[in-house]
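When we follow the numbering used here, the leftmost residue of the sequence shown carries the number 12, and every step to the right adds one.
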Amino acid sequence: MTIFEKIIARQTPAKIIWEDDDAIAFHDVNPQAPVHVLIVPKRVVPRLTEATDSDSALLGKLLLVARDIAKKLDLSSGYRVVINSGPDAGESVPHLHVHLLGKRALAWPPG
Ligand code: 5GP
Numbered sequence: 012m013t014i015f016e017k018i019i020a021r022q023t024p025a026k027i028i029w030e031d032d033d034a035i036a037f038h039d040v041n042p043q044a045p046v047h048v049l050i051v052p053k054r055v056v057p058r059l060t061e062a063t064d065s066d067s068a069l070l071g072k073l074l075l076v077a078r079d080i081a082k083k084l085d086l087s088s089g090y091r092v093v094i095n096s097g098p099d100a101g102e103s104v105p106h107l108h109v110h111l112l113g114k115r116a117l118a119w120p121p122g
């Protein structure tokens, strides 16, 4: 099981802020911004590279959940949505997830 599957199964604690049948959102344990939330599908897709055309609704949903959580957490001055896919991107958990970062100015290009 990935660490995210353990969070979904409530075997590992996390600060969960939203959940439905398809996905869950919780605060990152090592936040890179004052707001750093992970939005994770309950069905394991290892990474974006492994997603298929049949995952399109799920992928779209993750972005709309990010939009809704950004509103709920009042990220009115902007936010960043990130998906790390593969080693060059720094992916560390092989369970697709969307990072939602906000409440500080974020540099571009990323490191
Ligand atoms: P990645 O590097 O794969 O894009 O992102 C994985 C993220 O998961 C990292 O930001 C890391 O801090 C977070 N993370 C890893 N283990 C845990 C955990 O046990 N709990 C929570 N809440 N976040 C975790």
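Even for Gly, the Cβ is constructed at its ideal location relative to N, Cα and C.
Query	Result
beta-carbon V40 near ligand 1 non-hydrogen atom, thresh 7 Å	yes
Residues bridged to L49 (per DSSP)	F37, H110
Buried or exposed (CB count within 10 angstroms, at least 16 for buried), L107	buried
Alpha-carbon spacing of T23 relative to F37, whole angstroms	12 Å
beta-carbon I50 near ligand 1 non-hydrogen atom, thresh 7 Å	no
Run of the alpha helix (DSSP H) containing R78, from where it starts to where it stops	67–83
Host alpha helix (DSSP H) of E102 (start-end)	Where E102 is concerned, there is no enclosing alpha helix (DSSP H), given that its DSSP letter is neither H nor E.
Any non-hydrogen atom of ligand 1 within 7 Å of T23 CB	yes
First through last residue of the alpha helix (DSSP H) which encompasses E16	14–19
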